[in-house]
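Visitor:
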Amino acid sequence: IEVAKGIATITVKDNGIGFHKSILNRNPAGLGLNNISARTDLLKGNIYLDAMPGKGVDYLIEIPI
Numbered sequence: 010i011e012v013a014k015g016i017a018t019i020t021v022k023d024n025g026i027g028f029h030k031s032i033l034n035r036n037p038a039g040l041g042l043n044n045i046s047a048r049t050d051l052l053k054g055n056i057y058l059d060a061m062p063g064k065g066v067d068y069l070i071e072i073p074i
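Quick note on the working numbering: the sequence shown kicks off at 10 and runs consecutively.
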């Protein structure tokens with residue numbers, strides 16, 4: 010976790026199976042991603058992710074403090 014200019018930044022790297030980001034537009038996200046999104050929204054933050062099949066997912070979460 011890093012804090013700068015009133016924003017806490019959380020970076021998480023997942024080396025799991027990954028997925029195509031395009032499926033997020035067609036299908037609801039899984040329970041884990043829905044949970045992360047809901048908690049980030051509750052804190053008025055933003056979540057960014059970079060995903061690729063076979064390469065896992067990198068999450069960047071920014072929360073104003």
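Where a beta carbon is used, it is the ideal one built from N, C-alpha and C, also for glycine. Model, not experiment: these values are computed from the prediction.
1) According to DSSP, is Leu52 part of a helix, a strand, or is it coil?
2) Excluding the 5 residues preceding and the 5 following Asp23 in the sequence, name in chain order all residues of the same chain whose CB lies nearer than 7 Å to its CB.
3) Relative to the alpha-carbon of Gly18, which residue among Ala60, Gly54, Pro62 has its alpha-carbon at the smallest distance?
4) Between Ile74, Gly15, Gly27, Thr20, which has its C-alpha nearest Leu52's C-alpha?
5) Would you decide whether Ala47 is buried or exposed? Buried here means 16 or more other CB atoms lie within 10 Å of its CB.
6) Once you ignore the five residues that flank Ile10 on each side, which residues in its own chain have a CB closer than 8 Å to its CB?
Guide: This is what the structure holds:
1) In the sequence shown, residue 52 corresponds to position 43, counting from 1. Reduced to three states, the DSSP call for Leu52 is coil.
2) To locate residue 23, count along the sequence shown from 1; it is residue 14. Answer for Asp23: Gly65, Val66, listed in chain order.
3) Residue 18 sits at position 9 when you count from the first residue of the sequence shown. Rather than Gly, the amino acid found at residue 18 in this sequence is Thr. The shortest C-alpha separation from Thr18 is found at Gly54.
4) Residue 52 sits at position 43 when you count from the first residue of the sequence shown. Among Ile74, Gly15, Gly27, Thr20, the Cα nearest to that of Leu52 is on Ile74.
5) By one-based count along the sequence shown, residue 47 stands at place 38. Exposed is the call here.
6) One-based indexing of the sequence shown puts residue 10 at position 1. The residues are Ala17, Thr18, Ile19.
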